[in-house]
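Novice: Residue numbers (my numbering): 57 to 254.
Mind having a look at this structure? Questions to follow.
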């Protein structure tokens with residue numbers, strides 16, 4: 057499957073469905089198929105942001121920031137803080153071992169800047185494994201392998217445009233969460249070309 061075909065399928069699914077569970081159920085098999093594409097094996101997609109601990113390589117987003125597709129590469133023993141997405145997401149493991157830790161929120165979210173989280177479970181994703189996230193789902197991700205890990209991430213909306221949060225579990229804090237997206241020449245060209253064609 058090519059990126060073009062994957063995006064066409066995403067557009068068709070989201071035009072016909074609005075429920076995040078229904079959407080992710082339909083996206084999972086397509087994402088697993090696309091994750092096997094040779095397109096995703098470009099050397100630049102393995103590059104990581106040393107300060108951030110992972111590299112976020114944009115493959116596609118719509119002009120309004122919907123339907124964002126990223127390839128994320130992770131340095132060993134690096135990952136994210138606990139965070140939510142404020143949109144649906146489907147993740148497929150491509151290479152390596154990524155530990156996902158899930159959290160339940162115990163407070164009602166009514167106090168700005170405050171969040172009381174409880175760890176609720178974990179899994180380790182390897183190549184071909186999938187995970188679905190929903191708007192209020194909270195998790196953290198860490199590369200627990202010895203080499204770079206890679207995964208395909210598909211979101212209903214670009215995660216820097218959803219107003220999502222990251223959490224400090226110990227201090228019970230919540231604050232806005234924005235990540236750095238790699239300035240990939242090749243990926244940027246692909247996105248701009250698709251926008252002109254669409």
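Yeah, the Cβ is synthetic: ideal placement off N, Cα and C, and Gly gets one too.
1. Can you pull the DSSP bridge partners for residue 229?
2. At what residues does the alpha helix (DSSP H) containing residue 60 begin and finish?
3. Mind the definition here: the stretch 181-198 touches the stretch 143-153 only if three or more C-beta pairs lie below 8 Å; say whether that holds.
4. Who are residue 155's beta bridge partners in DSSP?
5. Quick one: any contact between the stretch 205-214 and the stretch 136-145, if contact means 3 or more CB pairs under 8 Å?
6. Are there three or more Cβ pairs, one per stretch, closer than 8 Å when the stretch 97-107 is compared with the stretch 72-84?
7. Rounding to the nearest angstrom, what Cα-Cα distance links residue 251 and residue 227 in this structure?
8. So, residue 112 versus residue 204, is the Cβ gap smaller than 8 Å?
9. Please determine if the stretch 160-172 and the stretch 122-129 are in contact, where contact requires at least 3 C-beta pairs separated by less than 8 Å.
10. Hey, out of 133, 161, 185, 180, whose CA is closest to residue 20's CA?
11. What residues match up with residue 210 in a beta bridge as DSSP calls it?
12. Please report how far the alpha carbon of residue 177 lies from the alpha carbon of residue 157, in whole angstroms.
13. Using the Cβ count rule (16 or more neighbours within 10 Å means buried), how would you classify residue 61?
14. Could you check whether residue 138 and residue 194 sit closer than 8 Å to each other, using their CB atoms as the reference points?
15. In this structure, what does DSSP give as the bridge partners for residue 110?
16. Which of the three DSSP states, helix, strand or coil, is assigned to residue 186?
17. Cα separation between residue 163 and residue 206?
18. Going by DSSP, what residue range makes up the alpha helix (DSSP H) through residue 78?
19. Does any heavy atom of the ligand SAH sit closer than 7 Å to the C-beta of residue 205?
20. Identify which residue in 238, 102, 183, 239 has its Cα closest to the Cα of residue 155.
21. Only counting the same chain, and skipping five residues up and downstream in sequence, which positions put a Cβ closer than 6 Å to that of residue 123?
Specialist: The short version:
1. Numbered from 1 along the chain shown, position 173 holds the residue referred to as residue 229. The partner list for residue 229 (beta bridge, DSSP) reads 170, 224.
2. Sequence index remark: in the chain shown, residue 60 carries index 4 (1-based). 59-72 is the extent of the alpha helix (DSSP H) around residue 60.
3. The stretch 181-198, when compared against the stretch 143-153, does touch it at the 8 Å Cβ threshold.
4. Against the chain shown, residue 155 aligns to sequence position 99. Answer is 180, 198, bridged to residue 155.
5. yes
6. no
7. The residue labelled residue 251 in the question sits at position 195 within the chain shown. The residue labelled residue 227 in the question sits at position 171 within the chain shown. Caution applies to residue 251, whose pLDDT of 48 falls short of 50 and renders its modelled position unreliable; the model cannot decide the point.
8. For this step, residue 112 is matched to residue 56 along the chain shown. For this step, residue 204 is matched to residue 148 along the chain shown. In this structure, residue 204 does not lie closer than 8 Å to residue 112 by Cβ.
9. The stretch 160-172, when compared against the stretch 122-129, does not touch it at the 8 Å Cβ threshold.
10. One cannot answer for residue 20 here, as it falls past the ends of the chain, which runs 57 to 254.
11. On the chain shown, residue 210 is found 154 positions in, with the first residue counted as 1. For residue 210, which the question treats as bridged, DSSP gives the partners 125, 146.
12. Locating residue 177 in the chain shown gives position 121, where the first residue counts as 1. Locating residue 157 in the chain shown gives position 101, where the first residue counts as 1. So the alpha carbons of these two residues sit roughly 6 Å apart.
13. Position 5 of the chain shown, counted from the first residue, corresponds to residue 61. Exposed: under 16 other Cβ atoms inside 10 Å.
14. In the chain shown, the residue the question calls residue 194 occupies position 138. In the chain shown, the residue the question calls residue 138 occupies position 82. It is a contact, given that the beta carbons lie within the stated cut-off.
15. To locate residue 110, count along the chain shown from 1; it is residue 54. Beta-bridge pairing links residue 110 to 130.
16. Taking the first residue of the chain shown as position 1, residue 186 is located at position 130. Strand, per DSSP.
17. Translated into positions along the chain shown, residue 163 becomes position 107. Translated into positions along the chain shown, residue 206 becomes position 150. One C-alpha to the other measures close to 33 Å.
18. Residue 78 sits at position 22 when you count from the first residue of the chain shown. Element bounds for residue 78: 76-90.
19. This structure lacks the ligand SAH, and indeed carries no ligand of any kind.
20. Residue 155 sits at position 99 when you count from the first residue of the chain shown. That would be 183, whose Cα lies nearest to the Cα of residue 155.
21. Mapped onto the chain shown, residue 123 falls at position 67. Taken in chain order, the residues that qualify are 66.
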